[in-house]
Amino acid sequence: MFRKVLIANRGEIAVRIVRALRELNIRSVAVFSDADRAALHVQMADEAVHIGAAPSRESYLAIDRILGAARCAGAEAIHPGYGFLSENAAFARACLDSGIKFIGPHWSSIEQMGSKTAARRVAIDAGAPIVPGTEQGIRDFDEARRIAAAIGYPVLLKAAAGGGGKGMRAVHAESELESAMRGASGEAEQAFGSGEVYLEKLVQRPRHIEVQVLGDEHGHLIHLGERECSIQRRHQKVVEESPSPLVAEHPEIRERIGEAALKIARKASYANAGTLEFLATDSGDFYFLEMNTRLQVEHPVTELVTGVDLVRWQIRIAAGERLTMRQEDVEWRGSAIECRLYAEDPFNNFFPSPGRIHHYVEPAGPGIRMDSGVYPGWTIPLEYDPLLAKLSVWASSRPEAIDRMRRAIYECQITGAITNLSLFARLLDDPAFQSGRLHTGFLDSFMPEFLAKRDEASPEAVTAAFLAAASREDLTPPEEGSGSGNRASAWQLAGRRGMMR
Amino acid sequence: MFRKVLIANRGEIAVRIVRALRELNIRSVAVFSDADRAALHVQMADEAVHIGAAPSRESYLAIDRILGAARCAGAEAIHPGYGFLSENAAFARACLDSGIKFIGPHWSSIEQMGSKTAARRVAIDAGAPIVPGTEQGIRDFDEARRIAAAIGYPVLLKAAAGGGGKGMRAVHAESELESAMRGASGEAEQAFGSGEVYLEKLVQRPRHIEVQVLGDEHGHLIHLGERECSIQRRHQKVVEESPSPLVAEHPEIRERIGEAALKIARKASYANAGTLEFLATDSGDFYFLEMNTRLQVEHPVTELVTGVDLVRWQIRIAAGERLTMRQEDVEWRGSAIECRLYAEDPFNNFFPSPGRIHHYVEPAGPGIRMDSGVYPGWTIPLEYDPLLAKLSVWASSRPEAIDRMRRAIYECQITGAITNLSLFARLLDDPAFQSGRLHTGFLDSFMPEFLAKRDEASPEAVTAAFLAAASREDLTPPEEGSGSGNRASAWQLAGRRGMMR
Amino acid sequence: MKLRADSNGHSYLLEIDAVEGGKSVAYTLKSLETEHPADELGGSASVVEAMPGVFSVLLDHESFLVRLSPGLDDTLDVSLGPRRFSISLGDLRDHAPRKRAASEAGPQELRAQMPGKVVKILVAAGERVVLGQGVIIVEAMKMQNEMKSPKDGVVSHIGTSEGATVAAGATLLVIE
Amino acid sequence: MKLRADSNGHSYLLEIDAVEGGKSVAYTLKSLETEHPADELGGSASVVEAMPGVFSVLLDHESFLVRLSPGLDDTLDVSLGPRRFSISLGDLRDHAPRKRAASEAGPQELRAQMPGKVVKILVAAGERVVLGQGVIIVEAMKMQNEMKSPKDGVVSHIGTSEGATVAAGATLLVIE
């Protein structure tokens, strides 16, 4: 086993990895930029090495500086976390060349599965479902009609040359096809200079469901079930859960989607932890989208339901150990939900809100897991992403997990920066969310309702706040006949000593 | 379901119950004495009622005041927690008479199982094993020899009239019996005025193993497996775990001891949560000791391995709901350990150390559960017991749970009061503890070793502390030729601004 | 003792009186808005500061855990369970209701809501703009925010430049 | 800059110098005890106060999170991972080694280690006592602590009475 491991990351995931290393009796080496000298991951690691200026490209993305830090500290391995260099094949290769173990898949797997088109080809070779359709342009209406009939309506016409919604038409029946083709082709011609269009199956109100896989370097690979990550905003996941409510309703989907994920991962000779993302429909069809060749932000929900410590296994696997679990040993229990706490204002278009954290209270007690990268008094840097912490809960069923998350959100206190806690409080109360009828457009359609009704504090709550403020204000009594500016001490008159005992 | 429940307790268990109530959407009513106006359970509950002076008998033990508070707040039920009135049959009966549901067993079960001799009779009637022996005095040596042979050596001779170790002799073979009887009888005669002795099986180096049972008010009763609580001091449990390392080694014990517990609980027509305590030997024999007719302090370890929320079920059962789990639905996963954090000094005979909590950091991250009744800035009252918080961990195996607990203890910071954290840090490193060879005398035999070696901080750690202190001390430069008292600012000269950025 | 108390654009009269024994106070809260008279609240209250800025308040039996942190201007930001709001306390003789929001008439300053970097200025001084038109893009934490004109008008002043780092509250543009 | 630093009964000379750039300092630590010279430590260090009383210290690469709280007399209590210890800083010219423990000769005061209630006084003024003999029982948090005589001697003074509440540090008895 390694004696010392460097963590090429920051924030909550660096803290998560420090914890795993400490539990394995491995010394941890943090790295930090100028902006992160006081960051929590630096405080918690056994060692910490300064690697450069605040901008990521001069520190957390600087391959040479990170390898230099690893050599200088004598680290035998590097855990890249997520983001930054975690899916950078060149970095993984540079580690290998430097004789430092990269805790993740082989660089060739990163390279192969990091390309969407290459990954799609791997999936096709593996016989896993991808969104059906043509990748080449359609020659004429007859061909379009034949293909559309084959993949089944509704279909999506897409411009071969472009993206961004231009030259795109949803077609729900053959009768609409011809006119839609004319429209799409004309729009594509205008936008991209080419009227070529192609056809794809339209996945309506898709769910984002992903499968966690874990494989050792001796060819043994298992899956740890699915996570549903349909609650997202601009492709940024916000709430994740396991099991997916869809799988909870149709348990047979887990085996099918898990098998599909394993087929693809096996075809890529994948080792270590990885995630295969799928689009899924309420009828239980699913289509491979892409693979993330690293640990996911939302890995805690899988850990909570399976009891498998993914980060611990990542390290053990990288050290050459064999994965001792067989597929049939994996058991799922209860229900887990994760909320990502961002420093962003849901009432102001989710604009980031860095600042100095004033009060900070983590929820605790039964079924709560808090993975945080912050502490009270810390000033959130401007340079990095606004994820402060991940609040996860486990309970024996999804309704109980929702009840528990609402309780946890109630306890959680972060002041000094605006966070999206208020969004979770309302989302968890939403009957559609509670029913589990999720899709990737869910949050966008929830927002108008959320924004329309800003929670008002009750008159009692406002009164309590007034009384709290009055108890500490140093108000001096107003002078007779003078203007404003002199105020009376409420508490002097009301017997402050007695109240404050 | 209830709309409002009063919690007749304080500290961490009151907070635990507030959390369960909030998750059930039930309003919680805390009660508090003069010493607890600022206590955490008062802050966290939805309502709080003052019930009297600091001494428990004038507040937390005052039945009329608690019932008065419940009536005044409109609470429909009372959760007694543990300690205080939780095993007081008169209180449970007074609740019933007042039309307030007592969240616990029927008062008659408390009365019956609260008496050790009555509980022993129930166990005998139920056919459950109790420590074999005579309850009456032995007439002569022949009778002693016959009985000792029947129950098997070693046996314990005990004074019928007394206790406290006087008139007690362990007998390991028949050859020792006659002389031991003379010795014990003589000593008993001298100590208690009666030489009468009786015989009991000597349970050597016993383990304290207890079984959690849970029953509804419709006659359905299950057990949730065992907890091992052998790490104790003066019969005060300090570390608890589930599964018992003995059961982990001999899995068939769980079914046998669980069945014995159920037999006794059924005989007592027991409902709600309860615990049956046994002495167990390494060879897998066990003997019923007594029953606790309430929630135990150490219930979290059972919750962690079974996934069953005991407090939630206590409330649901009291509301008349049926327990939906069958015995065969109960599954155990992984390993859980709890450390009780007390404000007491292990280096000073565990003397209580109340005080004002200065720094307070709860460990977090994967597999950690913190049940706390304290917060930074709070002054621990003198009047109540010194349990500050319970730190529990879950992991997939006992060695991993130990690794995790060590990590958690490393993260946990409580200053301002002396705690027993240092004891846990060393205990978890002890090879005998790690091997699971536990018995109720374990901690007593560990203490000399613990006390002999007070951990010294490394020179680097001391240096880090010096530098931290020097960075903030407002040291003024010494005047030439003057005496002490004027000091220099290390940081002024060393460029404080640069270091503190 | 009488105080003027403001929250969420509403103004109240808060009256606090000592109670025999000193463990609690009597309070009443009345709306100062004749057009929207809120229900009058009153009762006995107990307040302790558990930690700096953290107050346990009991209104009769009801328990509130109030966290106060300094807000903009004279206000205090309140965090109370999942609720966040602002309050201020002042002299009762400040009769005028607080401004709800900046008026749409007159010059309006567009200010940085947080520290960040100016990525792009989309308008020139003197240019005519309409309500909701994007005028400047500021970036922080890897996110770009296009700030919109709060009114129809003319850009009378540009207070920053592309690539500049701006502090929270800095005036970016003035629109008249 | 030179300071005298004490910890666990050991005395050191701590020297701190500024380093170009101001982000770190150079330090050396030497034992002041000629009979037990500790290894000399030295290197570069960086210190930031992350929260009041909480310091992130880097000694070269090694990371320490140091929590300081006020201790008895002039000392600071240090909490660092699972370790707890006391330190003090002072003028280098305080040459005398700190007292390790109270001497056994002369009158000794038995002091309350914590606030509590005196349950029972087991000796009378003028009574002769031996080392380790129980002399007074103090209760706190439902636990009774029998305090022992620190030496053979005579009870010269009793500073409290049965049933009294005593503060931490209060003198209970004097034994000469």
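Chains as they are written, first to last, in the working numbering: chain A, 1 to 501; chain B, 502 to 1002; chain C, 1003 to 1178; chain D, 1179 to 1354.
All C-beta atoms, glycine included, are put in the ideal place defined by N, C-alpha and C.
Check whether residue i and residue j have beta carbons under 7 Å apart
i       : j       : result
D/L1236 : D/S1224 : yes
A/A161  : A/F192  : yes
B/W608  : B/A593  : yes
A/G133  : A/L214  : no
C/M1168 : C/S1151 : Here residue 1168 of chain C is Val; the residue named in the question, Met, does not match the sequence. It is not a contact, given that the beta carbons lie outside the stated cut-off.
A/A20   : A/R312  : yes
D/G1268 : D/R1182 : yes
B/A674  : B/Y654  : yes
D/P1260 : B/Y911  : yes
B/M792  : B/M502  : no
B/N773  : B/Q828  : no
A/T293  : A/P105  : yes
B/S893  : B/E839  : yes
A/I357  : A/P376  : yes
A/M44   : A/V18   : yes
C/N1010 : C/F1087 : yes
D/L1210 : D/L1191 : yes
C/E1064 : C/F1057 : no
Residue-chain proximity (residue i, chain D), Cβ-Cβ < 7 Å
i      : result
A/Q413 : no
B/L968 : yes
A/A75  : no
A/R16  : no
B/H736 : no
C-beta neighbour in chain B for residue i, strict 7 Å
i       : result
C/A1052 : yes
D/I1353 : no
A/D403  : yes
C/D1058 : Note on residue identity: the sequence assigns Ser, not Asp, to residue 1058 of chain C. It does: the Cβ of C/S1058 has a partner Cβ on chain B nearer than 7 Å.
C/H1063 : yes
A/S396  : yes
DSSP bridge partner residues for residue i (one or two, in chain order)
i       : result
A/Y287  : A/L279
D/D1184 : D/S1189, D/S1266
D/N1323 : D/V1316
C/L1043 : C/L1031
B/G775  : B/V714
A/N292  : A/T275
Any chain C beta carbon closer than 7 Å to residue i
i      : result
B/E548 : yes
B/Q733 : no
B/Q544 : yes
A/F351 : yes
A/S471 : yes
B/A509 : no
Residue i: CB within 6 Å of a non-hydrogen atom of the ligand SAM
i       : result
D/M1321 : This structure does not include the ligand SAM; it has no bound ligands of any sort.
Beta carbon proximity, residue i to chain A, threshold 7 Å
i       : result
C/V1156 : no
Under 7 Å, CB to CB, which of the residues in the segment 863–889 of chain B have a partner in chain A? E863, A865, G866, P867, R870, M871, D872, S873
Along the segment 1297–1313 of chain D, where does the CB come closer than 7 Å to a CB of chain A? Name the residues. none
Short-range partners of chain C found in the segment 620–639 of chain B, where Cβ spacing is below 7 Å: none
Which parts of the segment 859–912 of chain B are runs of the beta strand (DSSP E), unbroken and 3 residues or longer, counting only runs that do not cross its ends? 869–873, 888–896
Report the start-end ranges of each beta strand (DSSP E) in the segment 182–251 of chain A that is 3 residues or longer and not cut off at the edges. 197–201, 207–215, 221–233, 236–242
Report the residue ranges of all alpha helix (DSSP H) runs contained in full by the segment 96–165 of chain A; include only those spanning at least 4 residues, in chain order. 107–114, 116–126, 141–151
Of the residues that make up the segment 1064–1077 of chain C, which ones have a beta carbon closer than 8 Å to any beta carbon in chain B? E1064, S1065, L1067
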